[in-house]
Amino acid sequence: MKKYLKNISNKGMALVTTVMLLFAVMILVLTGAQLISTSFKETKYQQNVYGEAENIAKAGLIDTISWFRRQVPQPVRSGVPPAFDPGKDNWIDGAFQPTIESKSTIDGNIGLVKEYQLSENGTKWARYEVRRQTGTISGNPAPYDPFAVHDITAQRVQGKENGEGLVWSIVSTGYVWHKLSPLNVNEHYTPDKMISKIKVSTEIRRIDLNLANCACIVQDSGSGGTFNINIYKNGRLSRGNNPANSACGKFIGTNSPNNSGGELSGTTQTILANPNVEFVFGMSTTTLESFAAHTANDVTDLPYTSDGKLPEMTFMFIDGNANFDTAHPLDSSGILFVKGNLSIAESPNNRYSGLIYVTGTSTIYSQTSITGCIVAYKGLVLSNPSGLSPDVSEITYDETILDSVKEQICGYHENKSATHTYKLE
Numbered sequence: 020m021k022k023y024l025k026n027i028s029n030k031g032m033a034l035v036t037t038v039m040l041l042f043a044v045m046i047l048v049l050t051g052a053q054l055i056s057t058s059f060k061e062t063k064y065q066q067n068v069y070g071e072a073e074n075i076a077k078a079g080l081i082d083t084i085s086w087f088r089r090q091v092p093q094p095v096r097s098g099v100p101p102a103f104d105p106g107k108d109n110w111i112d113g114a115f116q117p118t119i120e121s122k123s124t125i126d127g128n129i130g131l132v133k134e135y136q137l138s139e140n141g142t143k144w145a146r147y148e149v150r151r152q153t154g155t156i157s158g159n160p161a162p163y164d165p166f167a168v169h170d171i172t173a174q175r176v177q178g179k180e181n182g183e184g185l186v187w188s189i190v191s192t193g194y195v196w197h198k199l200s201p202l203n204v205n206e207h208y209t210p211d212k213m214i215s216k217i218k219v220s221t222e223i224r225r226i227d228l229n230l231a232n233c234a235c236i237v238q239d240s241g242s243g244g245t246f247n248i249n250i251y252k253n254g255r256l257s258r259g260n261n262p263a264n265s266a267c268g269k270f271i272g273t274n275s276p277n278n279s280g281g282e283l284s285g286t287t288q289t290i291l292a293n294p295n296v297e298f299v300f301g302m303s304t305t306t307l308e309s310f311a312a313h314t315a316n317d318v319t320d321l322p323y324t325s326d327g328k329l330p331e332m333t334f335m336f337i338d339g340n341a342n343f344d345t346a347h348p349l350d351s352s353g354i355l356f357v358k359g360n361l362s363i364a365e366s367p368n369n370r371y372s373g374l375i376y377v378t379g380t381s382t383i384y385s386q387t388s389i390t391g392c393i394v395a396y397k398g399l400v401l402s403n404p405s406g407l408s409p410d411v412s413e414i415t416y417d418e419t420i421l422d423s424v425k426e427q428i429c430g431y432h433e434n435k436s437a438t439h440t441y442k443l444e
């Protein structure tokens, strides 16, 4: 009997223990779920809060790039070196000078500054600050601020100096904050009201076109029995209307163009530097590609319209050989960069205005008109060697068109690979 009661007691204890363990597990599960839910909500809140600050900081970058693009003249430069000039800007890199009068900022003493209302009741606000270099301290320039807008041309472009305005570093800080009194228009950001703060940095740069005044530029014109510029019947290579310009430019080589029944207007000049990508554009091929509005592996990838047109005044980058034909004519303007060889077959719709840069050889047949300049790095064949086509293939130097390219395409662009975001406590 005692043994029987003992067994019942043991079973009862086991049941009680099991129930208690289950109860404890349930508490742990519920607590864990609550913690996960709270953590998720907190994370989502933080993402939303800091996301707002990041967006406002990026808005500061966009407005700053727009400010640089609007300035006249271009590029925006402080002079070489960008030294302190008490009679001019009173701070280093003083070319960056947003003013209240131009309505580009609400505080020109800081730099480019704007505020935005985020909530309907007027208590939640956002603000960005893109700081300029500061002014004087006791008549001397203030310490240089690496987190304010500054010229970094020398660090990015070989052979150039800070103050030339080709590359600028920009840092934008975005704030989200509470305004205690929605009716107080003078109540601005203070740290004790801050909800979140994000800093975003980037770089902007221009394409610095460096071209000789020539219709066609090659690296090597050839020597002895090798001719790298060949003009055949109905091919025309012209310097344009200015007698100071040249039809051809070459870096090395002793041969003049091989003119076999074509027309050559102007002389051949020797240029002072190798017309490689770095010299002509002021940057590497990889960096240059990031400036392109359209990138393609061949001409079939280009944005043709239904009637065979391409966009006007745009930058097209072809990473490979480019073979234009009747189905895919070259009818556009701007900058065309070919990382390979260029071939333009006979077609009534081949017309281009601007700059063409070809890293390989260029073969251009009849019914083609190019106005501006072509860099045919490894050589040019102009018109069909057979001489059977009665139509003209011509390249004419035009400085006015190249100036339009510089103004409309070569302006400041953001280098997105240099963009970084930092969360500030």
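Residue 20 is where the sequence shown starts when you use this note's numbering, and the numbers rise one by one after that. For each residue, glycine too, the CB sits at the ideal point set by N, CA and C.
List the DSSP bridge partners of residue i.
i: residue 139; result: According to DSSP, which records beta bridges pairwise, residue 139 is partnered with nothing at all.
i: residue 350; result: 370
i: residue 255; result: 282, 413
i: residue 212; result: DSSP, once it has assigned bridges, lists no residue as partnering residue 212.
i: residue 355; result: 335, 375
i: residue 395; result: 377
i: residue 388; result: 370, 413
i: residue 361; result: 341, 381
i: residue 249; result: 277, 400
i: residue 191; result: 149, 219
i: residue 224; result: 186, 432
Going by other Cβ atoms of all chains shown within 10 Å of its Cβ, with 16 needed for buried, is residue i buried or exposed?
i: residue 136; result: exposed
i: residue 280; result: exposed
i: residue 252; result: buried
i: residue 75; result: buried
i: residue 32; result: exposed
i: residue 331; result: exposed
i: residue 371; result: buried
i: residue 335; result: buried
i: residue 41; result: exposed
i: residue 66; result: Residue placement at residue 66 is flagged as unreliable, the pLDDT there being 49, under the threshold of 50; a coordinate-derived value is accordingly withheld.
i: residue 59; result: Residue placement at residue 59 is poorly supported in this model, since its pLDDT is 48, which falls under 50; the coordinates are not used for a value here.
i: residue 123; result: buried
i: residue 163; result: exposed
i: residue 170; result: buried
i: residue 182; result: buried
i: residue 37; result: exposed
i: residue 139; result: exposed
i: residue 190; result: buried
i: residue 422; result: exposed
i: residue 419; result: exposed
i: residue 264; result: buried
i: residue 345; result: exposed
i: residue 375; result: buried
i: residue 291; result: exposed
i: residue 268; result: buried
Spatial neighbours of residue i within its chain, please: CB distance less than 8 Å, with the 5 preceding and 5 following residues excluded, ordered by chain position.
i: residue 325; result: none
i: residue 266; result: 233, 234, 235, 256, 257, 258, 276, 283, 284, 285, 286, 287, 416
i: residue 384; result: 363, 364, 365, 402, 403, 408, 412
i: residue 62; result: With a pLDDT of only 47 at residue 62, under 50, the local geometry of the prediction cannot be trusted, and no value is derived from it.
i: residue 180; result: 99, 100, 172, 173
i: residue 34; result: none
i: residue 441; result: 217, 218, 219, 220
i: residue 129; result: 148, 150, 151
i: residue 433; result: 80, 84, 221, 222, 223
Return the chain-ordered list of same chain residues with a C-beta closer than 6 Å to the C-beta of residue i, the five sequence neighbours on each side being excluded.
i: residue 277; result: 246, 249
i: residue 347; result: 318
i: residue 95; result: 87, 114, 184
i: residue 227; result: 185, 301
i: residue 338; result: 316, 358
i: residue 271; result: 239
i: residue 379; result: 359, 360, 397
i: residue 64; result: Note that residue 64 has pLDDT 46, beneath the 50 cutoff, so the model's placement of it is unreliable and the number below is only indicative. Same-chain partners within the cutoff: there are none.
i: residue 83; result: 131, 149, 189
i: residue 382; result: 362, 400
i: residue 428; result: 334, 353, 354
i: residue 448; result: The requested residue 448 is not part of the displayed model; the chain covers only 20 to 444.
i: residue 410; result: 385, 386
Please check the pair residue i and residue j, which I expect to be a contact at CB under 8 Å, by giving their CB distance rounded to whole angstroms.
i: residue 185; j: residue 146; result: Not really, about 30 Å apart at Cβ, beyond 8 Å.
i: residue 167; j: residue 152; result: 5 Å
i: residue 254; j: residue 355; result: Actually they are not in contact, since the Cβ atoms of residue 254 and residue 355 sit about 20 Å apart, beyond 8 Å.
i: residue 113; j: residue 119; result: In fact, because the Cβ distance is near 17 Å, the residues do not count as touching under 8 Å.
i: residue 299; j: residue 230; result: 7 Å
i: residue 143; j: residue 197; result: 6 Å
i: residue 242; j: residue 273; result: 5 Å
i: residue 294; j: residue 394; result: 6 Å
For residue i, which residues of its own chain have a beta-carbon under 7 Å away from its beta-carbon, when the five flanking residues on both sides are left out?
i: residue 72; result: 193, 194, 195, 215, 216, 217
i: residue 304; result: 296, 358
i: residue 390; result: 372, 415, 417, 420
i: residue 368; result: 327, 348, 350
- Fully enclosed by the stretch 261-318, which alpha helix (DSSP H) runs are 4 residues long or longer? The alpha helix (DSSP H) runs of length 4 or more contained entirely in the stretch 261-318 are, from start to end of the chain, 296-300, 304-308.
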